[in-house]
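Protein chains: 2
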Amino acid sequence: MGATKTEHFTEKQNQIAILAKALGHPARVAIIEYLMSVDTCICGDIVNVLPLAQPTVSQHLKELKNAGLIKGNIEGNAICYCIDEKALKTLQSYFAAISSHLEKKKNNCC
Amino acid sequence: MGATKTEHFTEKQNQIAILAKALGHPARVAIIEYLMSVDTCICGDIVNVLPLAQPTVSQHLKELKNAGLIKGNIEGNAICYCIDEKALKTLQSYFAAISSHLEKKKNNCC
DNA sequence: TTTTTATATTGCAATATTACGATAATAAAT
DNA sequence: ATTTATTATCGTAATATTGCAATATAAAAA
Numbered sequence: 001m002g003a004t005k006t007e008h009f010t011e012k013q014n015q016i017a018i019l020a021k022a023l024g025h026p027a028r029v030a031i032i033e034y035l036m037s038v039d040t041c042i043c044g045d046i047v048n049v050l051p052l053a054q055p056t057v058s059q060h061l062k063e064l065k066n067a068g069l070i071k072g073n074i075e076g077n078a079i080c081y082c083i084d085e086k087a088l089k090t091l092q093s094y095f096a097a098i099s100s101h102l103e104k105k106k107n108n109c110c
Numbered sequence: 001m002g003a004t005k006t007e008h009f010t011e012k013q014n015q016i017a018i019l020a021k022a023l024g025h026p027a028r029v030a031i032i033e034y035l036m037s038v039d040t041c042i043c044g045d046i047v048n049v050l051p052l053a054q055p056t057v058s059q060h061l062k063e064l065k066n067a068g069l070i071k072g073n074i075e076g077n078a079i080c081y082c083i084d085e086k087a088l089k090t091l092q093s094y095f096a097a098i099s100s101h102l103e104k105k106k107n108n109c110c
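Residue numbers (UniProt numbering), protein chains in the order written: chain A, 1 to 110; chain B, 1 to 110.
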């Protein structure tokens, strides 16, 4: 064993889990924050910004891309990675819904 | 190797990563959603609701608790787990900030 | 007190993640 | 055509996660 039983959960639950998992590493959070901070879309300096070796950064970028959090095109020997707004909007909506639900409830146990 | 290099990232980045990682599994997303759906705080039926064995569920609950997403007290031989609103508020604020930042920017590359 | 009920812990096997050196691939620059 | 610069892939070691059977723990019920 060791493999997640995705088939037992809803599409939505799996989707949120995939996005959350992709952000479940500080390097990937840092990458998203960096992509937000730069104006340009070409940003070959991600490797220099992060305290990790180039193959490791490349791997993290791949995971963010697989999860759908970033989009990337190859521009010559530079990369053009940027945030996929749709994915982040999904997360924003999800947690906004949870928050408003919790506020309505005001349950005060625990 | 294989251990995350947390020390190279900011407190905030690590905090978000910890919360996101905890939600990086559909079972744990399902648990949060279930805790939201029930009115009561005592909810010993989590095990019956999920398609996983009892020790596995117990482990997922432990991880959610470690990450700070749920709070739990033992109430006799039942458990009282509930959502820690603070943690979910943190996530809500974080993604709200990202979303509003992205909307302001309207970058249209990629 | 013994049984029942409910959750936690232990131990283990299967799998996944993290990290990086070495190397490949690719395109711009010389 | 060769060099240079940049990103991707491969291979591998260390560690973490996932899942569950077996067992422990703890309190209510009998």
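A virtual CB, placed ideally from N, CA and C, is assigned to each residue, including glycine.
At least one CB of chain B closer than 9 Å to the CB of residue i: is that the case?
i	result
residue 63 (chain A)	no
residue 59 (chain A)	no
residue 55 (chain A)	no
residue 29 (chain A)	yes
residue 96 (chain A)	yes
On the DSSP bridge assignment, give the partners of residue i in chain order.
i	result
residue 72 (chain B)	B:81
residue 42 (chain A)	A:80
Quick check on residue i: buried or exposed, where buried means 16 or more other Cβ atoms within 10 Å of its Cβ?
i	result
residue 59 (chain A)	exposed
residue 44 (chain A)	exposed
residue 84 (chain A)	buried
residue 104 (chain A)	exposed
Taking 9 Å as the threshold (C-beta atoms), are residue j and residue i in contact?
i	j	result
residue 10 (chain B)	residue 26 (chain A)	yes
residue 5 (chain A)	residue 64 (chain B)	no
residue 98 (chain B)	residue 88 (chain A)	yes
residue 19 (chain B)	residue 91 (chain B)	yes
residue 70 (chain A)	residue 31 (chain A)	yes
residue 21 (chain A)	residue 68 (chain B)	no
residue 80 (chain A)	residue 46 (chain A)	no
residue 13 (chain A)	residue 7 (chain B)	no
residue 3 (chain B)	residue 96 (chain A)	no
At least one CB of chain A closer than 9 Å to the CB of residue i: is that the case?
i	result
residue 46 (chain B)	no
residue 17 (chain B)	yes
residue 14 (chain B)	yes
residue 24 (chain B)	yes
residue 3 (chain B)	no
residue 20 (chain B)	yes
What is the DSSP secondary structure of residue i, reduced to helix, strand or coil?
i	result
residue 52 (chain A)	coil
residue 3 (chain B)	coil
residue 90 (chain A)	helix
residue 155 (chain B)	Residue coverage of chain B in this structure runs from 1 to 110, which leaves residue 155 (chain B) outside it and unanswerable.
residue 25 (chain A)	coil
For residue i, is the beta carbon positioned less than 8 Å from some heavy atom of the ligand ATP?
i	result
residue 79 (chain B)	The ligand ATP is not part of the structure shown, which contains no ligands of any sort.
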